[in-house]
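Undergrad: By our numbering, the letter at position 475 of the sequence shown is numbered 466, and the numbering carries on one by one without gaps.
Idealized CB from N, CA, C, for every residue including glycine.
One structure, pasted below without further comment.
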Amino acid sequence: MNYAVIADAYGKIEATTKRLEMTDILVNLLKNTPKEVVAKIVYLTQGKLYPDFAGIEIGIAEKLAIKALIRASGRKESEILTDLQTTGDLGQTAEIQLAKKKQVTFFSKTLTVEHVYETLDKMAKTTGSGAVDTKMAVFAGLLSDASPKEAKYLIRTVTGNLRLGIADMTVLEALAIAYGGGKETREPIERAYNICSDLGRVADILVREGLESVKKMQVMVFEPIRPMLAERLPSPEDILEKFNGKCLVEYKYDGERIQAHKQGNNVSLYSRRLENISSQYPDVVELIKKQVNAHEAIFEAECVAVDMETGDMRPFQELMHRRRKYGIENAIEKYPISLFAFDLLFVNGKDLTREPLTNRRAILEDVLNQNIQLQIATQKTVNSSKELEDFFEQAIEEGCEGLMCKALTKGSVYQAGNRGWLWIKYKRDYKSEMIDTCDLVVVGAFHGRGKRAGAYGALLLATYNPEKDMFETTTKCGTGFTEKDIDYLHSMLQKHVIVCRHSRVLSMMEADVWFEPFVVLEVLGAEVTLSPIHMCSMDVVRKSSGFAIRFPRFTGKYRTDKNPQDATTSKEIVEMYQNQLKQIQSNK
Ligand code: AMP
């Protein structure tokens, strides 16, 4: 299959902001793809070669891509850099400069998807001394064979800037339409994705073997399961009402979620974003090898920084020191951790995700040899709001964020990849009208003045709307940032700057700078109000009104553990608004 076909589809996808059109283009592309290439196309359209958990990235630095472009185009460095200043996008510059190409290569061949994939794969796997030069030379070769338009997307792919805005859910829908037999088959395809987190593999099985084989896909060790998520409610009464008067309550620890996979002496740890983080936590790997009493197991735990002398839990931020490549031994000593296990998803060949919580929990207790470093989350069954509130106070007292309240019914399965009412979080009241913090996505920024000149003065923040697969603005936030935060944000956000509003962002405000939705920050506001200018849940409750968070303040927490799609949803903001109304009424 020719790479030009993909480049063409990319061009069309870029030209639309409508998700339905995007899906149609993708369906067409997938239908016209030979079966054996579908998985590669699925990865490539997401700017990847493998699923995230494989940890293999194409990534080459922009500087290196520029060198390759110079070599392939025969243009001068100064010409390319000047053009780059105008376009702000190396992909576009490559397209322009290659169109002016002086030396016509006589051996130029047609690029196929297979060849592009293999070449990028070779680049991704090249390591050791001389790797940089090899990668550059290989990539220059690829560019020499590329048409200007192909070069544009190749450059964006290797520098990690493809940003077509196609979400996983859009790919799943397109697969259901193209190969499942219709939109309604998305559910089993999505379930398969939720238990293996590998879109390419699901696509491959679907096109080669059909829907029935996809339905038979099983949970497997070393294929991370997409995490189950929780809803939120503001009071014990609301929570108990949802659970018909009885539920399991557990401490909500303030740490990093870890999904541990064990098979014999092999252990891998995955983050909430499903990256393999085993190398950050060699101490956890050893702990699991010793304390888990099963040949095969997949369980989830919160990893919390602790003070070994007092046994006290330390704030989430301390775990940041573990996010490093070098000096791990030192960090282990300085920032020790404990694990609090809260769910078991698989044991010795048996998938437990469809079992009720009580069964999963009972087996978890059998499988773990608990000690001071590895414990099961403190829990209790409650059936009155007084009991729930008391347990909440106890959790806060011991350094937790609040409680996770969980359904105890027969239907209390592990909802992989989904947020539902089987788990409800109840967090600390911040003594303000807004009962909870929100995790919002940075989609734009406004230039700062005075002390903040040259940096960003305020950020435009958005919620996520999973139904539309869009990010909807809800507030402009300029408070709560220390000077260090301001500098850090300015440099960190550079990687995500784009020339105009991202196709998955809904905004009426014109930001000075736009970003691809990537960075998630925790924000506390005074209250949620109706708003004519913010797009969060626009027209949902009232015509021409969205929802805004008033007086937002950054709490200091960078939610690096969250993907933009894990941010607070637009629906949650409406729920917060409705809860606020209820509270005002009950205070009257
Ligand atoms: P949030 O990040 O505020 O949406 O809350 C959900 C997160 O709480 C999960 O992703 C876990 O990392 C964390 N958590 C802490 N304790 C528990 C628990 N007992 N059960 C489930 N999740 C927990």
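Looking at C-alpha atoms only, which residue of His286, Ala292 and Asn284 is the closest neighbour of Val275?
TA: Ala292
Undergrad: With a threshold of 8 Å on Cβ separation, who are the neighbours of Val297 within its own chain once the five nearest residues in sequence on each side are excluded?
TA: Asp303, Met304, Arg305, Pro327, Ile328 and Ser329
Undergrad: Counting only the same chain and skipping the five closest in sequence on each side, list residues whose C-beta sits under 8 Å from that of His312.
TA: Within the same chain, and ignoring the five residues on either side of His312 in sequence, the residues whose Cβ sits closer than 8 Å to its Cβ are Ala322, Lys325 and Tyr326.
Undergrad: Helix, strand or coil for Gly2? Go by DSSP, reduced to three states.
TA: helix
Undergrad: Would you call the stretch 481 to 490 and the stretch 454 to 464 in contact, with 3 or more CB pairs under 8 Å?
TA: Because the criterion of three Cβ pairs below 8 Å is not met, the stretch 481 to 490 and the stretch 454 to 464 do not touch.
Undergrad: Could you have a look at Phe542 and say whether DSSP puts it in helix, strand or coil?
TA: coil
Undergrad: Output the distance between the C-alpha atoms of Ile(-3) and Leu20, rounded to the nearest integer angstrom.
TA: 7 Å
Undergrad: Looking at Phe337 and Glu287, is the spacing between their C-beta atoms short of 8 Å?
TA: yes
Undergrad: Counting along the chain, where does the beta strand (DSSP E) carrying Val582 start and finish?
TA: The shown model of the chain, from -8 to 579, leaves out residue 582, and the question about it has no answer.
Undergrad: Let me check understanding here. Comparing Cα to Cα, which of Arg443, Gly445, Ala446 and Thr466 lies closest to Thr454?
TA: Thr466
Undergrad: Flag Tyr261 as yes when its Cβ comes closer than 7 Å to any non-hydrogen atom of ligand 1, and as no otherwise.
TA: no
Undergrad: Give the straight-line distance between the Cα atoms of Lys26 and Met(-8), rounded to the nearest whole angstrom.
TA: Each residue's Cα considered, the two are about 11 Å apart.
Undergrad: Output the residue ranges of the alpha helix (DSSP H) runs that lie fully inside the stretch 365 to 403 and measure 4 residues or longer, sorted by chain position.
TA: 376 to 388
Undergrad: Per DSSP, what are the beta-bridge partners of Trp505 in this structure?
TA: Gly435 and Ile489
Undergrad: Can you tell me whether DSSP reads Asn19 as helix, strand or coil?
TA: helix
Undergrad: Pull up the distance between the alpha-carbon of Tyr170 and that of Ala(-5), whole angstroms please.
TA: 23 Å
Undergrad: Can the beta-carbon of Phe234 be found closer than 8 Å to that of Ala398?
TA: yes
Undergrad: Near Ala183, what residues of its chain come up, given a Cβ to Cβ distance below 6 Å and the 5 sequence neighbours on each side ignored?
TA: Excluding sequence neighbours, Ala183 sits near Val193, Val205 and Met208.
Undergrad: Which value, in whole angstroms, describes the spacing of the CA atoms of Gln366 and Leu335?
TA: 13 Å
Undergrad: Do you know how far the Cα of Thr344 is from the Cα of Phe44?
TA: If you take the alpha carbons of Phe44 and Thr344, they lie about 20 Å apart.
Undergrad: State the start and end residues of the unbroken beta strand (DSSP E) segment that holds Ile328.
TA: Ile328 to Val338
Undergrad: Any heavy atom of ligand 1 closer than 7 Å to the Cβ of Tyr455?
TA: no
Undergrad: Taking the C-alpha atoms as reference points, what is the distance between Gly2 and Ile489?
TA: 16 Å
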